[in-house]
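Enquirer: One structure is given below, represented as C-alpha cells, and several questions about it will come after.
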Amino acid sequence: MRIMKRIMALLIVIAFLGASILPNVSDVRAASIDNATNIVIGQTVNGEISKNDKEQYYKFTINESGAVNIKGQAFLKKLYLRLYNSNYECINTNEPTWNSTSEVIPMNYTYYLNYGTYYFALSNYYEYYDEYFGKYSFSVSFTSTEESYKEDAYGNNYIFDGYDLNLDGSKYIGQLSLNDDKDFYKLTLNESGRINICATVYFKRVRWKLYDEDGNEMFNDELKWNETTNQIVIDDIKYLNKGVYYLVLENVDWDKWVGEYQLSVTFDSAKESFVETEKTGNNSIKTSSAIVYGTNYGGVLAYNDEKDFYKFESFGKLVMNFKGEISNVTVKIYNSDGEQCGDTLNWSKDDTTGLIDKTVIVSLGGGIYYLVIEKTEYKKYSGFYEFSLNSLNQDNCPHNEYTSKVHEPTYFAKGYTKYTCKDCGHSYKDKYTAMKVLSQAEIRSDYNSVGKGKLTVGWYTDSDADGYEIKYSLKSSMKNSKTAKVSDSDTNVKTIKKLKRKKKYYVQVRKYKTSGEKTVYSPWSVKYWFKVS
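By the numbering used here, the letter at position 116 of the sequence shown is numbered 148, and the numbering carries on one by one without gaps.
Next up, the structure:
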C-alpha cells in the first residue's frame with residue numbers, strides 16, 4: 033500500500049512538472065457550445081477527437097474589430113471547423129484537406145470579425161474509422177484593423193445609423209466582416225456640389241451604393257479585384273444637390289469577400305446662384321429662378337437634378353455666354369405660353385479643354401421667357417456651369433456670320449474686301465490689293481513739229497487721266513525746266529511758243545489724275561529733243 037501511494041504521488045509530480053514546462057498549452061475542452069472552453073488570444077490549445085469525444089468547443093473574445101487567425105494541425109484524416117457568433121449562430125464552416133504526404137491536416141484560417149465573443153468548434157462525426165480520430169493543436173492570434181468607428185456585431189449596418197463622414201478628405205478605416213456585410217456612412221451637404229469618393233479595398237469583390245435621405249437607392253456599382261495591384265480602387269465623382277445622403281460599402285458574397293478598406297470623401301461647392309436641394313429647386317417653369325441681364329449665374333446639373341429653369345425679360349436680340357465642366361448639355365428657350373422658341377442647342381465638351389465654352393445670339397421679341405439648361409441623358413452627364421445674358425452689342429457679339437463686299441483699288445487707295453457682321457454691324461477689312469498706277473506717258477513722234485520760236489509735241493491719251501503736263505528745257509538734264517499743263521484727258525497735242533530760235537529743246541510728258549486735293553502722276557515719258565527754227 034505504501035508503495036502504491038508513492039507511485040501515485042510520483043505520477044502527480046510528473047504531471048505537474050509537465051504542465052509547468054508548457055504553461056501556454058491546454059488540453060481542456062468542452063463537448064458543447066454552452067460549456068465552451070475559454071481561451072485567450074495567443075494561447076496554444078491541444079485536444080483530441082475520439083469516438084467518445086467527437087466535437088470540441090472553444091470560446092474567445094476580441095475587444096475591437098480585426099483579423100483573427102487560427103493556425104494549427106490535426107493528426108487525423110477528416111475534420112470540420114465551424115465558427116459561431118455570440119448568439120450561437122454559425123457564421124463560417126471549413127473542411128480542411130488532409131495532406132497524404134505529411135499525414136496531417138494543416139489549419140490556417142483568417143476570419144475578419146467585429147469585436148465581441150465567438151465560439152470555435154472542431155468536430156468529426158465518423159464513428160467506424162480509426163484514422164478519422166486523433167489529436168490536434170492550434171493557436172489564435174489577432175490583428176486589429178484599427179477602424180475609425182468601433183463596431184460590434186450590429187455596427188453601422190442600417191442606413192439611418194450611418195456614421196458621419198467629414199468631407200475634407202479625412203481617411204476612415206473600416207472592415208467588412210463575417211458578421212458584418214455592410215457599412216453605412218452619412219454625407220451631409222450644406223450646399224450643392226461635387227463629392228469625390230475615394231476608397232481602397234483589400235479584398236476581392238465589393239459593391240458600393242448611394243442613397244438619398246429617404247433611403248431610396250440612387251446608385252449601385254460592383255467593383256472587382258485588380259490582379260496587378262491586389263486591391264480594388266474606387267475613385268468616383270458625383271454631383272449632388274444640397275441634402276443628406278448615405279454611402280454604403282457592401283459584400284457581394286457576405287461570408288466570403290471580407291476584409292479591411294480605407295475611405296475618404298472630398299467636396300467642392302457648385303457656388304450655385306440659387307440654392308437647390310434634393311427635393312426642391314428650379315426644375316420647372318413654375319419654380320424657375322428670376323435672372324437679369326449683365327449678371328453671371330452659377331449652377332449645377334446634379335446626379336439627382338436633370339434640369340434648371342431661369343426666368344428673364346427679353347428686350348430683343350440677346351447674347352448668351354455659357355461655360356461648363358460637363359460632357360454634354362442641352363439648352364432651350366420657352367415663351368410665357370410654354371412654347372419652345374428657336375432651335376434646341378446641343379453642346380459637347382471640347383476634347384482639348386474638357387469644357388463647353390459657347391457664345392450664341394438669340395433673337396426674341398419683347399416679353400417674358402424661360403431658359404432651361406438640361407442634361408442630354410438623365411443621371412449621366414452632370415457638372416458645374418455658369419452663364420450670363422446680355423443685350424447684343426459689337427463688344428459682346430460673337431460675330432458668327434459676316435457678309436463680304438470687294439472694293440476695287442483706285443489711283444488713290446488700295447483695294448480690299450470688307451466684312452460686316454450680320455448681327456451687330458461690326459466690320460473689318462482684309463485681302464488688300466495694290467493701288468492703281470498711271471502708266472508712263474508716251475510721246476507720239478508723228479504729231480511733233482517745230483516752227484519759228486515754237487514747237488508742237490503730241491502724245492497718246494489715257495481715259496483714266498485727268499490731264500497732262502509737258503516739261504521742256506534747254507538742257508538734257510532737264511535743269512531749269514518749265515512746265516505747261518493740259519487739263520483735258522482727250523487733248524493729245526500742245527504747242528509751246530516764245531522759245532529761243534535756233535536752239536535745241538528737250539521735252540517730256542506725264543499724265544496726272546486728281547481727287548480732291550490729292551494728285552497722282554505717271555512716270556515721265558522718254559525725252560525727245562526738238563531744234564526750234
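A virtual CB, placed ideally from N, CA and C, is assigned to each residue, including glycine.
These numbers come from a predicted model, not from an experiment.
What is the rounded straight-line gap between the Cα of V57 and the Cα of V77?
Expert: Any reading at V57 must be qualified, since the residue scores a pLDDT of 35, below 50, and its modelled position is unreliable; the value itself is stated next. V57 and V77: Cα-Cα distance of roughly 5 Å.
Enquirer: If you count every other CB in all the chains shown that lies within 10 Å of the CB of S565, and 16 or more means buried, which is it?
Expert: exposed
Enquirer: Give me the Cα-Cα distance between G548 and V363, rounded to the nearest whole angstrom.
Expert: One Cα belongs to G548, the other to V363, and the distance between them is close to 56 Å.
Enquirer: Measure the Cβ-Cβ separation of Y417 and G356 and say whether it is below 8 Å.
Expert: yes
Enquirer: At the level of alpha carbons, what is the spacing between V172 and E304?
Expert: Here the alpha carbons of E304 and V172 stand approximately 56 Å from one another.
Enquirer: Out of I502, K536 and E433, which one is the CA nearest neighbour of K484?
Expert: K536
Enquirer: Please report how far the alpha carbon of Q540 lies from the alpha carbon of Y443, in whole angstroms.
Expert: 22 Å
Enquirer: Using only the heavy atoms of the ligand GTP, determine whether one of them is closer than 7 Å to the beta carbon of G374.
Expert: With respect to the ligand GTP, the structure offers nothing, as it holds no ligand at all.
Enquirer: May I ask you to list the residues that DSSP assigns as paired with S138?
Expert: The sequence shown places Pro at residue 138, not Ser. Its beta-bridge partners are Q105.
Enquirer: DSSP state of E163, grouped into three classes?
Expert: helix
Enquirer: Please state whether the Cβ-Cβ distance between Y147 and K182 is less than 8 Å.
Expert: yes
Enquirer: For a test of the three-state rule: what should DSSP assign to Y538, helix, strand or coil?
Expert: strand
Enquirer: Quick check for students: name the residue ranges of the beta strand (DSSP E) that lie wholly in the segment 414-484, counting only runs of 3 or more.
Expert: 415-423, 434-439, 447-453, 459-465 and 481-483
Enquirer: Can the beta-carbon of Y112 be found less than 8 Å from the beta-carbon of I65?
Expert: Taking 8 Å as the Cβ cut-off, Y112 and I65 do not qualify as a contacting pair.
Enquirer: How long is the line joining the alpha carbons of V489 and A445, rounded to whole angstroms?
Expert: 32 Å
Enquirer: What do you get for L203, buried or exposed, if any count of 16 or more other CB atoms within 10 angstroms of its CB means buried?
Expert: In the sequence on display, residue 203 carries Lys and not Leu. K203 comes out exposed.
Enquirer: Between Y271 and I405, what straight-line distance do the alpha-carbon atoms span, to the nearest angstrom?
Expert: 16 Å
Enquirer: Report the three-state DSSP secondary structure of I229 (helix, strand or coil).
Expert: strand
Enquirer: At the level of alpha carbons, what is the spacing between W379 and L145?
Expert: Taking the CA atoms as reference points, W379 sits about 51 Å from L145.
Enquirer: Excluding the 5 residues preceding and the 5 following S420 in the sequence, name in chain order all residues of the same chain whose CB lies nearer than 6 Å to its CB.
Expert: N328 and N353
Enquirer: Quick one: Cα of T523 to Cα of T493, how far?
Expert: 7 Å
Enquirer: Would you be able to state if there are at least three C-beta pairs under 8 Å between the segment 361-375 and the segment 446-460?
Expert: Contact between the segment 446-460 and the segment 361-375 is not established, with fewer than three Cβ pairs separated by less than 8 Å.
Enquirer: How many whole angstroms separate the CB atoms of V265 and T232, which I take to be in contact at a CB cut-off of 8 Å?
Expert: 6 Å
Enquirer: In the DSSP output, what is E127 paired with across the bridge?
Expert: None, per the DSSP bridge assignment.
Enquirer: Starting from the C-beta of L506, find all residues in its chain whose C-beta is less than 8 Å away, skip the five residues before and the five after it, and write them out in chain order.
Expert: N512, K532, K535, K536, Y537 and Y538
Enquirer: Quick check on the burial criterion: 16 or more other C-beta atoms within 10 angstroms. Buried or exposed for L54?
Expert: With a pLDDT of 33 at L54, under the threshold of 50, the modelled position of this residue cannot be trusted; read the value that follows with caution. Exposed.
Enquirer: So for M33, helix, strand or coil by DSSP?
Expert: Its pLDDT being 41, under 50, M33 is placed unreliably by the model, and the measurement read from it follows with that caveat. Coil, per DSSP.
Enquirer: Ends of the beta strand (DSSP E) at E249?
Expert: E249 to K256
Enquirer: Just to confirm my understanding: we take Y560, look at its own chain, exclude 5 residues before and 5 after, and list those with CB closer than 6 Å. What are they?
Expert: I475 and V539
Enquirer: Need the endpoints of the beta strand (DSSP E) that L210 sits in, please.
Expert: That residue, L210, is in no beta strand (DSSP E); it is neither H nor E in DSSP.
Enquirer: Got a sec? Which residues, its chain only, sit under 8 Å from L42 by beta carbon, not counting five neighbours each side?
Expert: Below a pLDDT of 50, predicted positions are generally treated as unreliable, and L42, at 41, falls in that range; the measurement from the model is reported next regardless. Once the five neighbours on either side are set aside, L42 has no close Cβ partner at all.
Enquirer: Count the other CB atoms, across all protein chains shown, that sit within 10 Å of the CB of A322; report buried if there are 16 or more and exposed otherwise.
Expert: exposed
Enquirer: How would you call G166, buried or exposed, if buried means at least 16 neighbouring beta carbons within 10 angstroms?
Expert: buried
Enquirer: Looking at the unbroken beta strand (DSSP E) that takes in E338, where does it start and where does it end?
Expert: Here E338 belongs to no beta strand (DSSP E), and DSSP marks it neither H nor E.
Enquirer: On the three-state DSSP scale, how would you describe N367?
Expert: DSSP places N367 within a strand segment (E or B) once states are collapsed to three.
Enquirer: N353 bridges to which residues according to DSSP?
Expert: According to DSSP, which records beta bridges pairwise, N353 is partnered with T391 and S420.
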